[in-house]
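First residue of the first sequence: 84, per the numbering used here; consecutive thereafter.
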Amino acid sequence: MALERLQTLRGMVDLLPRQTMVWQQVEEQARHHFHRAGVREIRTPLLEATALFARGIGEATDVVCKEMYSFQDRGQRSCTLRPEGTASVVRAAIQHGLLNQGHQRLWYMGPMFRYERPQAGRQRQFHQLGLELLGVAEERSDVDAMAMAWDLLGDLGIQGLQLQLNTLGTPEDRRCYREQLVGWLEQRVQQLDPDSRQRLATNPLRILDSKNNTTQDLLREAPQLLTTLGKESRERFEGVCQLLQALDIPFVITPQLVRGLDYYTHTAFEITSDQLGAQATVCGGGRYDGLAAILGGPPTAGMGWAMGIERLVLLLGSQKDATPPQVVLLNRGESAQVRALVLARQLRQAKLHVELDLSGATFARQFRRADRLGGRLAVIIGEQEAQAGVVKLKWLHHPPQSGSDLDMGEEWTLPAAEVSKTVERLLAD
RNA sequence: GCGGGCGUCGCCAAGUGGUUAAGGCAGCGGCUUGUGGCGCCGCCAUUCGGGGGUUCGAAUCCCCUCGCUCGCCCCA
Numbered sequence: 084m085a086l087e088r089l090q091t092l093r094g095m096v097d098l099l100p101r102q103t104m105v106w107q108q109v110e111e112q113a114r115h116h117f118h119r120a121g122v123r124e125i126r127t128p129l130l131e132a133t134a135l136f137a138r139g140i141g142e143a144t145d146v147v148c149k150e151m152y153s154f155q156d157r158g159q160r161s162c163t164l165r166p167e168g169t170a171s172v173v174r175a176a177i178q179h180g181l182l183n184q185g186h187q188r189l190w191y192m193g194p195m196f197r198y199e200r201p202q203a204g205r206q207r208q209f210h211q212l213g214l215e216l217l218g219v220a221e222e223r224s225d226v227d228a229m230a231m232a233w234d235l236l237g238d239l240g241i242q243g244l245q246l247q248l249n250t251l252g253t254p255e256d257r258r259c260y261r262e263q264l265v266g267w268l269e270q271r272v273q274q275l276d277p278d279s280r281q282r283l284a285t286n287p288l289r290i291l292d293s294k295n296n297t298t299q300d301l302l303r304e305a306p307q308l309l310t311t312l313g314k315e316s317r318e319r320f321e322g323v324c325q326l327l328q329a330l331d332i333p334f335v336i337t338p339q340l341v342r343g344l345d346y347y348t349h350t351a352f353e354i355t356s357d358q359l360g361a362q363a364t365v366c367g368g369g370r371y372d373g374l375a376a377i378l379g380g381p382p383t384a385g386m387g388w389a390m391g392i393e394r395l396v397l398l399l400g401s402q403k404d405a406t407p408p409q410v411v412l413l414n415r416g417e418s419a420q421v422r423a424l425v426l427a428r429q430l431r432q433a434k435l436h437v438e439l440d441l442s443g444a445t446f447a448r449q450f451r452r453a454d455r456l457g458g459r460l461a462v463i464i465g466e467q468e469a470q471a472g473v474v475k476l477k478w479l480h481h482p483p484q485s486g487s488d489l490d491m492g493e494e495w496t497l498p499a500a501e502v503s504k505t506v507e508r509l510l511a512d
């Protein structure tokens, strides 16, 4: 009877060292980006009261009704691992009175959880990078937010992206349109695919997004949200489009872009890639002017988006090895090992990237490993050097072009006290 | 939740009913009692995701199960 293998839960993923380099690159880029734009970071708990998401995201949405990781804690409270970030950020802003202190420009990054069947670009624990602008209703803020997403992706060097734009109007616009659409579709139920029939009762707007071809053909004749919008909503949308044009950001209007979460109003958008397979959305977001009030706060305009970091990393072409060390410290013999330990610390305090060989293997092995690591300079301490209070220096690869006085293949012996300076000088050339 | 594909060593991978389960990479040890990037030698899966069955005999066939993966769905 074999022991049960302990491994990650389904849909949960370990990030190994060769992958974390790319993640760090994304994280750093994001930090700089937001910093330059005056957006400040907010960190909220992974665990929240279930009611926050039920109310904020919408009881009828797939996320809430089938995808949440919910459980009772020891105090019989219903808790949920956050499936997205916006509800938490708005909750925090309300709870701490941020909404009474002028508008807020906030970003976050961290794990989210949805109980779904994993596939390419979709995991049960995944990571999002998000932006929320609270307290500004201006069309300019919609565009500012979208521009930040677009430019961040651009700076990361991601190609082949498309910005898809739509408007959902006000809740009244939507309600009105929904009635029209449902009325129109009910007369044609027989022509609908089973999925869409189901949705007619639960979430009729999502039918617009159906991938069923005959349904899509049928929908060509259906009433359009864009044409049933109120005047104000329509003008607002046109304003947003013009501002995007002013920024030279290309976009396509996609009337069937509906978004899954209830809280969206007016602007809705997605940035998609043609290289991600079925899960093509890299970034999604929109305006959610009603959310703060739904969560019990002061009525507050809101605009935001989230990016899936796993999908970004997929697009970045994944893996990078660690940068090679500048110095590798080879050492063998009891007292030499102690000296090497001390020296490694000194060199690191001098801000050098130092790899200390801890294997105790023969020098031949240690050289081999140093070479494979791609180290530049070898510092060698054996018993003889340890006795004499010296170390040896040798290039592992060709010295920098500017005629270093230590030649390739040559070795210098120098007092331990001078190593730090000499190494810095050699590497600086 | 529903379909399709797959599961042999840390990684890649041969093997499709018959005695000891190829090979490569990585790792470890040696050739070289203290000098690498090359080479050579040796070691590294009593076992083929797990369980049951068929058979004289199974990694190879059947059933169940778990996991991975792709798509539907949904979205980041």
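Glycine included, every Cβ here is placed at the ideal spot set by N, Cα and C.
- Nearest in C-alpha terms to Glu304, of all of Leu182, Gly313, Val323, Leu268, is Leu268.
- DSSP places Glu262 in the uninterrupted alpha helix (DSSP H) bounded by 254 to 269.
- Separation of Gly458 and Val410 (C-alpha to C-alpha, rounded to the nearest whole angstrom) is 6 Å.
- With respect to Asp345, Gly185 sits apart: the two C-beta atoms are not nearer than 8 Å.
- Here Ile336 is exposed, its C-beta having fewer than 16 other C-beta atoms within 10 Å.
- Shortest Cα-Cα distance from Arg342 to any of Trp233, Arg452, Asn286 involves Asn286.
- Short of 8 Å from the beta carbon of Ala427, and not among the five residues preceding or following it, lie these beta carbons of its own chain, in chain order: Leu412, Val437, Leu439.
- A residue is called buried once 16 or more other Cβ atoms fall within 10 Å of its Cβ, and Pro166 is buried on that count.
- According to the DSSP assignment, Asn249 belongs to the beta strand (DSSP E) that extends over 244 to 250.
- By the C-beta criterion, the region 293 to 300 is judged not to be in contact with the region 347 to 357, since fewer than 3 inter-stretch pairs fall below 8 Å.
- In the DSSP assignment, Leu395 falls outside any beta strand (DSSP E) and within the unbroken alpha helix (DSSP H) covering 392 to 398.
- Looking at the backbone, the Cα of Pro338 and that of Arg114 are separated by about 33 Å.
- Here Ala433 carries a coil assignment [DSSP, helix/strand/coil].
- By the Cβ test, the region 366 to 375 is in contact with the region 383 to 392, since at least three Cβ pairs between them sit closer than 8 Å.
- If you compare the alpha carbons of Glu507, Ala471, Gln187, Asn249 with that of Leu309, the shortest gap goes to Asn249.
- For Asn296, the enclosing alpha helix (DSSP H) starts and ends at 296 to 302.
- Apart from sequence neighbours up to five positions away, the residues of its chain that approach Ile177 with a beta-carbon distance below 7 Å are Ala375, Leu378, Gly379, Gly380, ordered along the chain.
- If you look at Arg451, you'll find it in the alpha helix (DSSP H) that goes 446 to 456.
- Thr406 carries a coil assignment under DSSP once its states are collapsed to helix, strand and coil.
- Of the residues assessed, Met491 falls on the exposed side of the cut-off, its CB having fewer than 16 other CB atoms within 10 angstroms.
- Rounded to whole angstroms, the gap between the alpha carbons of Pro100 and Arg431 is 21 Å.
- If you compare the alpha carbons of Ala405, Glu507, Leu291, Gln187 with that of Asp276, the shortest gap goes to Leu291.
- DSSP, read as helix, strand or coil, puts Asn286 in coil.
- Taking 8 Å as the upper bound for CB-CB distance, Gln362 and Gly204 are in contact here, some 3 Å apart.
- The three-state reading of DSSP puts Thr350 in strand, counting E and B together.
- Under the three-state reduction of DSSP, Thr364 is assigned to strand.
- Counting only runs of 4 or more residues that sit fully inside the region 163 to 210, the alpha helix (DSSP H) segments are 169 to 178, in chain order.
- The shortest CA-to-CA distance from Lys314 to any of Thr253, Arg282, Tyr347 is the one to Thr253.
- Annotation for Ile377: the continuous alpha helix (DSSP H) segment containing it runs 374 to 377.
- Relative to the Cα of Lys475, the nearest Cα in the group Gly180, Phe446, Tyr152 belongs to Phe446.
- DSSP, reduced to helix, strand and coil, places Pro100 within a helical segment of the structure shown.
- Distance check between Arg508 and each of Glu493, Ser487, Leu340 places Ser487 closest, using alpha-carbon atoms only.
- By the Cβ neighbour-count rule, Gln242 is exposed, with fewer than 16 other Cβ atoms within 10 Å of its own.
- In this structure Val462 does not touch Val425 by the C-beta definition: roughly 12 Å separates them, more than the 8 Å allowed.
- In the pairwise beta carbon analysis, the region 210 to 220 is classified as touching the region 184 to 202: at least three pairs are separated by under 8 Å.
- DSSP places Thr311 inside the alpha helix (DSSP H), whose first and last residues are 308 to 311.
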